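Down below is the structure, laid out as structure tokens.
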Amino acid sequence: MSIAEKSMMSDPSESGRFGEFGGRFVPETLVPACEELEASFRQAWADPSFRAELNQALKEYAGRPSMLTECYQLGSKLGIRLVLKREDLNHTGSHKINNVLGQVLLAKRMGKKRIVAETGAGQHGVAAATAAALMGLECKVYMGAVDVERQSLNVFRMKLLGAEVEAVHSGSRTLKDAVNEAMRDWVASVESTHYCLGSVMGPHPYPWMVREFHRVIGTEAREQCLERYGQDPDVVVACVGGGSNAIGIFSGFVDTKARLIGVEPAGGAAVGRGQPGVVHGMRSYLMQDEYGQVQEAHSISAGLDYPGVGPEHSYLASIGRAEYPTVTDTEVIAGFQLLAKTEGIIPALECAHALAWISREAPNMQGQTVLMNLSGRGDKDVAQMMDVLS
Amino acid sequence: MPTTLTTLETELRAKRDAGRKLLVPYVTGGLVGWTDAIRAAAAHGADCIEIGLPFSDPVMDGPIIQQASQRALDDGATPVSILEGVRTLDVGIPLVVMCYYNTVHHAGHERFAAQLVQAGISGAIIPDLPLEESALWCQAADDVGLSTIMLAAPTAPDERLPRVCARARGFVYSVGLLGVTGERSTLAATATELARRLKQVTDVPVIVGVGVSNSAQAVEACRVADGVVQGASVVRRLMEGGPDAVGEYVAEVRQALDTL
Chain A
43 MSIAEKSMMS DPSESGRFGE FGGRFVPETL VPACEELEAS FRQAWADPSF
93 RAELNQALKE YAGRPSMLTE CYQLGSKLGI RLVLKREDLN HTGSHKINNV
143 LGQVLLAKRM GKKRIVAETG AGQHGVAAAT AAALMGLECK VYMGAVDVER
193 QSLNVFRMKL LGAEVEAVHS GSRTLKDAVN EAMRDWVASV ESTHYCLGSV
243 MGPHPYPWMV REFHRVIGTE AREQCLERYG QDPDVVVACV GGGSNAIGIF
293 SGFVDTKARL IGVEPAGGAA VGRGQPGVVH GMRSYLMQDE YGQVQEAHSI
343 SAGLDYPGVG PEHSYLASIG RAEYPTVTDT EVIAGFQLLA KTEGIIPALE
393 CAHALAWISR EAPNMQGQTV LMNLSGRGDK DVAQMMDVLS
Chain B
276 MPTTLTTLET ELRAKRDAGR KLLVPYVTGG LVGWTDAIRA AAAHGADCIE
326 IGLPFSDPVM DGPIIQQASQ RALDDGATPV SILEGVRTLD VGIPLVVMCY
376 YNTVHHAGHE RFAAQLVQAG ISGAIIPDLP LEESALWCQA ADDVGLSTIM
426 LAAPTAPDER LPRVCARARG FVYSVGLLGV TGERSTLAAT ATELARRLKQ
476 VTDVPVIVGV GVSNSAQAVE ACRVADGVVQ GASVVRRLME GGPDAVGEYV
526 AEVRQALDTL
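Residue numbers (our numbering), protein chains in the order written: chain A, 43 to 432; chain B, 276 to 535.
Here it is as structure tokens:
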């Protein structure tokens, strides 16, 4: 906590602001629930017994700490030292488990019997369904109908884990609409249900709470880098949809001299457009038209198909501490294959965005140490890529 | 309580104090037939009309109003085109808008408030702008005499209700149930419970909306409340039967309320 208080990534203001971003723009019905959640999280996070319980689950169930893997072949090919933080090796195959274990433990502590969640690629949905199964909570996952189609394996996984999956047919039928539907469910079920939001977005306290649950990524990575290389990396790279894996790893390095790079898909560049808006309970950069209608994002990876971004990323961008470049789907497909062929690691399509940026920018980073958060494994994307590459 | 009442609130209080139950139909702006639907509703006993400005991500709305919003957007409706349509209306009762906050935020508080006033709008309901986030907008609205209608929800603890009511202008929108807009087979117990709690702490008109689905439920709610909003039930009729169906329905609810 003391590090957080002094850091550039400290606790948000009382109104849940990171600079001018964040806040709590929710229907009146949900205000007491957000207040209750904030108070419960504050209390739990300061309670050593809660932290011990979570740490035990992270260690014995999720498999933390996740290891650091240096990519010797790819690194020498690119002229950089490339190091991966292996969140793909966590139970359920991504970093998402860090957050859901925290939230589900908190939900139980708050006496909730049921959780709802939204999901894009299905990684958060699978993680939420997993944690719910583990802790004996009922779980319902909302998923855009388009994503249900392209991530059918994860849909089946969630059902195996005992969750109910509802396809959302409104709007763009992707992650944004899954969030809307999960919020509608929560408005109606708030007394018994916790909304297990999957990224560093939404109304206060979610962006802050979810960051704290993912802080472990950055804390571990910093210690591992110092131990192995005796220095901090020069560049820290992660993909950004809502931005939870990026926030997690950035939190460990925001107070170092490392460049922080959050890679957005070209078709979902919320920060790149640089226009603040309010949706899903937060003020943040948002893709929108001239009347404030939220635009549809387009990305080859369902997990990054989101027109907004977590408010703390907007803040880090606005003060110039982190950069948010974009990559195209074509570059992503190349990055996906590159890691598989050179290192024997199949990355999630989301993480292939970070790889795509690294391989494009490597000429400008010669000799530098580049730490990338490999936030998920690519098994879920194999069927889709089989179609793309054939 | 403000030192001077807004024109909207003055008018609604006068009707309420004269013993009339207030009837507020909701019409999605930009939906085929929407201006005629407003005229029909006004002609058949509405006291105020709520005009929805369609938004891409309406989190407080259920399937009917979502569908209506999407249709209107697909037909090219924008806040500007709807406010132009509003200017052509001369229906003799106050009109308010219901819009999500990004519409306001994107236009800018002062500019949006001015646009509403210029179009002849008397108030605004912004369902995703709770009390804690409302100060800037409320100031801009107050400055031009526009009423900000605050929502109160069944989940609010007792201490919160007086604070919500103190900030409400025109009327307090008493959310009838835990959930989103849409028709239900029965009126939720929360509808009258919350209206009763609000009546105990405020003299501002208390109008129940969300889940008040027919004339019988409207009567039930108005045994406690000062009036009702009729949303999905009106919009469904507009989509299925056009403006005449809206007029007939509003007349039916009016007649039922007048028996109280």
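The beta carbon of each residue, even a glycine, is placed where N, CA and C say it ideally should be.
Small disclaimer: the values here were computed from a predicted structure and weren't measured.
Rounded distance between the beta-carbons of residue j and residue i, thought under 8 Å
i       : j       : result
V207(A) : P69(A)  : Not a contact, Cβ separation roughly 25 Å.
M129(A) : I303(A) : The displayed chain sequence assigns Glu, not Met, to residue 129(A). Contact flag wrong, Cβ pair sits at about 17 Å.
P329(B) : G304(B) : 7 Å
A104(A) : I139(A) : 5 Å
F63(A)  : V320(A) : Going by Cβ atoms, the distance from F63(A) to V320(A) rounds to 10 Å, so no, they are not a contact pair.
R444(B) : E284(B) : 6 Å
L298(B) : G486(B) : The pair is not a contact, with the Cβ atoms about 16 Å apart (cut-off 8 Å).
W399(A) : V278(A) : Their Cβ separation, rounded to whole angstroms, is 12 Å, which puts W399(A) and V278(A) out of contact at 8 Å.
Three-state class that DSSP yields for residue i in the structure shown
i       : result
M43(A)  : Residue confidence for M43(A) is low, a pLDDT of 43 falling below 50, so the modelled location carries little weight; the figure read from the coordinates is stated next. In the structure shown, M43(A) sits in coil (DSSP, three-state: anything other than H, G, I, E or B).
G377(A) : helix
H236(A) : strand
A293(B) : coil
P437(B) : helix
S212(A) : coil
K119(A) : helix
G162(A) : coil
P518(B) : helix
L338(B) : The sequence given here places Pro at residue 338(B); Leu does not occur at that position. In the structure shown, P338(B) sits in a helix (DSSP, three-state: H, G or I).
F314(A) : One point to set straight first is that residue 314(A) is Gly, not Phe, in the sequence displayed. Of the three classes helix, strand and coil, the one that applies to G314(A) here is helix, per DSSP.
G186(A) : strand
M276(B) : Annotation note: pLDDT 48 at M276(B) (below 50); position unreliable, coordinate value reported separately. Note: M276(B) maps to coil in three-state DSSP.
E365(A) : strand
G451(B) : coil
F67(A)  : strand
G484(B) : strand
L41(A)  : Not covered by the structure: residue 41(A). The range shown for chain A is 43 to 432.
R288(B) : helix
V299(B) : strand
I424(B) : strand
A526(B) : helix
E458(B) : coil
P54(A)  : coil
Q31(A)  : Residue 31(A) lies beyond the range of chain A shown here (43 to 432); nothing can be said about it.
Q426(A) : helix
P74(A)  : helix
A205(A) : coil
E223(A) : helix
Residue of the options minimising C-alpha distance to residue i
i       : options                               : result
S490(B) : A526(B), G445(B) and V476(B)          : A526(B)
G420(A) : T261(A), V412(A) and Q165(A)          : Q165(A)
N142(A) : R301(A), A163(A), V168(A) and V125(A) : It is worth fixing the name first, because residue 142(A) is Val in this sequence and not Asn. Checking every option, the nearest Cα to that of V142(A) belongs to V168(A).
Y184(A) : V221(A), V279(A), H322(A) and C393(A) : V221(A)
C374(B) : D365(B), A410(B), M335(B) and A394(B) : M335(B)
V252(A) : E392(A), R215(A), S234(A) and G290(A) : G290(A)
A347(B) : V439(B), T310(B) and Q475(B)          : T310(B)
D433(B) : G398(B), R498(B), R471(B) and W412(B) : R471(B)
P405(A) : S118(A), V73(A) and D53(A)            : S118(A)
I396(B) : G337(B), P405(B) and T423(B)          : T423(B)
R386(B) : G522(B), G506(B), A293(B) and A416(B) : A416(B)
A316(B) : E515(B), V510(B), A463(B) and T534(B) : V510(B)
D519(B) : V447(B), T279(B) and R314(B)          : R314(B)
R315(A) : S401(A), A339(A) and M324(A)          : A339(A)
G334(A) : T372(A), I342(A) and G350(A)          : G350(A)
A496(B) : V379(B), V450(B) and S409(B)          : V450(B)
R270(A) : I361(A), V125(A) and Q330(A)          : V125(A)
S488(B) : A464(B), L473(B) and S460(B)          : S460(B)
Can you give me, in chain order, the residues of the segment 430 to 443 of chain B that have a beta carbon less than 7 Å from any beta carbon in chain A? T430, A431 and P432
Continuous beta strand (DSSP E) assignments of at least 3 residues falling wholly in the segment 77 to 165 of chain A: 110 to 112, 123 to 128 and 156 to 161
Return the residues of the segment 455 to 470 of chain B that lie within a Cβ-Cβ distance of less than 7 Å from chain A, sorted by chain order. V455
Using a Cβ-Cβ cut-off of less than 9 Å, give me the residues of the segment 338 to 349 of chain B that come near chain A, in sequence order. P338, Q341, Q342, Q345 and L348
Continuous beta strand (DSSP E) assignments of at least 3 residues falling wholly in the segment 319 to 404 of chain B: 324 to 327, 370 to 373 and 398 to 400
Unbroken stretches of the alpha helix (DSSP H), 4 residues or longer, contained in the segment 289 to 352 of chain A: 312 to 315
For a minimum of 4 consecutive residues, which ranges assigned as the alpha helix (DSSP H) are wholly contained in the segment 260 to 286 of chain A? none
When Cβ atoms are compared, which residues of the segment 223 to 245 of chain A fall closer than 8 Å to chain B? M225, R226, V229, A230, S231, V232 and E233
Anything in the segment 63 to 85 of chain A with a Cβ closer than 8 Å to a Cβ of chain B? List those residues in chain order, please. G65, R66, F67, V68, P69, E70, T71, L72, V73, P74 and A75
At a CB distance below 7 Å, what residues from the segment 305 to 324 of chain A approach chain B? Give them in sequence order. G319, V320 and V321
Going along the chain, which residues of the segment 330 to 359 of chain A sit with their C-beta nearer than 7 Å to a C-beta in chain B? Q330, Y333, G334, Q335 and V336
Between the segment 185 to 214 of chain A and chain B, which residues of the former have CB atoms less than 8 Å from a CB of the latter, in chain order? S212 and G213
Positions along the segment 293 to 312 of chain B whose CB lies within less than 7 Å of some CB in chain A: none
Name the residues in the segment 504 to 524 of chain B whose C-beta lies less than 9 Å from a C-beta of chain A; which are they? none
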